[in-house]
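Report on the following structure.
Residue numbers (mature numbering (1 follows the signal peptide of the UniProt record, and there is no 0)): -25 to -1, 1 to 244.
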């Protein structure tokens, strides 16, 4: 077994980590508000490829065919909604809703530039639940890497619907275990996608320019892909134990063996 950051796992692993690693901590309830935006400073958003019209604002990034405007035929984009989002959460408790990111995944001509990377700024405000206390705010930034895959059916690096163009690829970096101090105590907050967040295969990571073991999700061509982001606040950084690949393989063999024994027993019966 080896210990690694939750950044190597999907949402299922995250839930397991909270259940095991933080079970002893007393829950503290908070009112929260979270607002996210794309950073519009020069260099915060990068495009790759040829011509076209790119548009960047705090709430949306679009690219592809001209003129600029909402995503549509020949033009794709990603936008933020449910922004700001408010609610109540408990330290070391269940994840709660943050903002929603929707990728309008349309066919974009290979002659046009496409999104390559962007930076997100997320501001979290917390106060004791049910009080009129002032919110304590902390802003974190994290990066997304994007790969616009070929717009024709064929061999896809990411799992994609049969007969459909290849799914596009999104990788998240730096969205976990940010620190915030409340009443003299340090807490950690993390944003992650659900249910689409997963550890991506190495080939998929490489296609987006990311290192092996990256986390992210893929989106289907020709669809409005809404990815809901969740928020957790914990008293310690999220850490989990990840089985080595050999251990996972042995577990699989063991399960197959158990299934065979069960079939034999049923046959004898």
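The C-beta atom is built at its ideal place from N, Cα and C for all residues, glycine as well.
Exercise. Please work out which residues of its chain come closer than 7 Å, Cβ to Cβ, to residue 15, disregarding the five sequence neighbours upstream and downstream, and give them in chain order.
Key: Walking along the chain shown from the start, residue 15 turns up at place 40. These residues qualify, in order along the chain: 31, 32, 33.
Self-check item: Host beta strand (DSSP E) of residue 80 (start-end)
Solution: In the chain shown, residue 80 corresponds to position 105, counting from 1. Here the beta strand (DSSP E) through residue 80 covers 71 to 80.
Quiz item: Quick one: does residue 42 have its CB under 8 Å from some CB of chain D?
Solution: The chain labelled as chain D is not found in the depicted structure, where only one protein chain is given.
Quiz item: Where DSSP assigns a beta bridge to residue 148, which residues make up the other side?
Solution: Along the chain shown, read from residue 1 onward, the residue named residue 148 stands at position 173. According to DSSP, residue 148 bridges with 118.
Practice problem: From the DSSP output, in three-state form, read off residue 58 for me. | Solution: Translated into the one-based positions of the chain shown, residue 58 becomes position 83. Looking at residue 58 - three-state DSSP - the assignment turns out to be coil, as it is neither helix nor strand.
Practice problem: Compare the C-alpha of residue 254 against each of 64, 60, 56 and name the closest. | Solution: Residue 254 falls outside the range modelled here, since the chain spans only -25 to 244, and no answer is possible.
Self-check item: Euclidean distance between Cα positions of residue 191 and residue 145
Solution: Here the question's residue 191 lines up with position 216 in the chain shown. Here the question's residue 145 lines up with position 170 in the chain shown. Counting only the Cα atoms, residue 145 lies some 5 Å from residue 191.
Practice problem: Alpha carbon to alpha carbon, how far is residue 13 from residue 20? Give it in angstroms, no decimals. | Solution: The sequence position of residue 20 within the chain shown is 45, counting from 1. The sequence position of residue 13 within the chain shown is 38, counting from 1. The C-alpha of residue 13 is placed about 8 Å away from the C-alpha of residue 20.
Practice problem: Give every residue of the same chain whose Cβ lies closer than 6 Å to the Cβ of residue 39, excluding the five residues on either side of it in the sequence, and list them in chain order. | Solution: Residue 39 sits at position 64 when you count from the first residue of the chain shown. So the list reads 27, 49, 50, 51, 83, 87, once near-sequence residues are dropped.
Exercise. May I ask you to report which of helix, strand or coil DSSP gives residue 279?
Key: As displayed, the chain neither begins before -25 nor continues past 244, which places residue 279 out of reach and without an answer.
Quiz item: Does DSSP put residue 202 in a helix, a strand or coil?
Solution: Against the chain shown, residue 202 aligns to sequence position 227. Residue 202: strand per DSSP, three-state reduction.
Quiz item: With a Cβ-Cβ cutoff of 8 Å, do residue 195 and residue 125 count as a contact?
Solution: To locate residue 195, count along the chain shown from 1; it is residue 220. To locate residue 125, count along the chain shown from 1; it is residue 150. Not in contact: residue 195 and residue 125 (Cβ atoms no closer than 8 Å).
Quiz prompt | Cα-Cα separation between residue 101 and residue 76, rounded to whole angstroms | solution = Locating residue 101 in the chain shown gives position 126, counting from the first residue. Locating residue 76 in the chain shown gives position 101, counting from the first residue. Rounded to the nearest whole angstrom, the CA to CA distance from residue 101 to residue 76 is 22 Å.
Quiz item: The beta strand (DSSP E) spanning residue 213 covers which residue range?
Solution: On the chain shown, residue 213 is found 238 positions in, with the first residue counted as 1. Element bounds for residue 213: n/a, residue is neither H nor E.
Exercise. Please determine, among 108, 133, 132, 95, the residue with the shortest C-alpha to C-alpha distance to residue 115.
Key: Here residue 115 refers to the residue found at position 140 of the chain shown. It is 95.
Quiz item: Where do the ends of the beta strand (DSSP E) carrying residue 155 lie?
Solution: Looking up residue 155 in the chain shown gives position 180. Run containing residue 155: 153 to 157, per the beta strand (DSSP E) assignment.
Quiz item: Per DSSP, residue 160 forms a beta bridge with which residues?
Solution: For this step, residue 160 is matched to residue 185 along the chain shown. Its beta-bridge partners are 157.
Exercise. For residue 177, I'd like the list of residues in its chain whose CB is within less than 7 Å of its CB, leaving aside the five on either flank, ordered along the chain.
Key: Residue numbering aside, residue 177 sits at position 202 when the chain shown is read from its first letter. The answer, listed in chain order, is 187.
Exercise. Tell me, to the nearest whole angstrom, how far the beta carbon of residue 11 is from that of residue 97; I am working on the premise that it is less than 8 Å.
Key: The residue given as residue 11 occupies position 36 in the chain shown. The residue given as residue 97 occupies position 122 in the chain shown. That belief holds up - the Cβ atoms of residue 11 and residue 97 are roughly 4 Å apart, short of 8 Å.
Quiz item: If you drop the 5 nearest sequence neighbours on each side, which residues of the same chain put their C-beta closer than 8 Å to that of residue 118?
Solution: Counting from 1 along the chain shown, the entry for residue 118 is found at position 143. Excluding sequence neighbours, residue 118 sits near 92, 93, 94, 95, 147, 148, 149.
Quiz item: When we look at the beta-carbon of residue 42 and count the other beta-carbons within 10 Å, is it buried (16 or more) or exposed?
Solution: Within the chain shown, numbered from 1, the residue matching residue 42 stands at position 67. Per the 10 Å Cβ criterion, exposed.
Exercise. Going by CA-CA distance only, name the one from 108, 81, 168, 104 that's closest to residue 139.
Key: Here residue 139 is taken as the residue at index 164 of the chain shown, counted from 1. Considering only alpha carbons, the answer is 81.
Quiz item: Out of 29, 122, 121, 141, which has the shortest C-alpha to C-alpha gap to residue 130?
Solution: For the purposes of this step, residue 130 is taken as the residue at position 155 of the chain shown. Of 29, 122, 121, 141, the residue nearest in Cα terms is 141.
Exercise. Assuming residue 204 contacts residue 168 (C-beta within less than 8 Å), just tell me the rounded distance between them.
Key: Locating residue 204 in the chain shown gives position 229, counting from the first residue. Locating residue 168 in the chain shown gives position 193, counting from the first residue. About 6 Å; that satisfies the 8 Å criterion.
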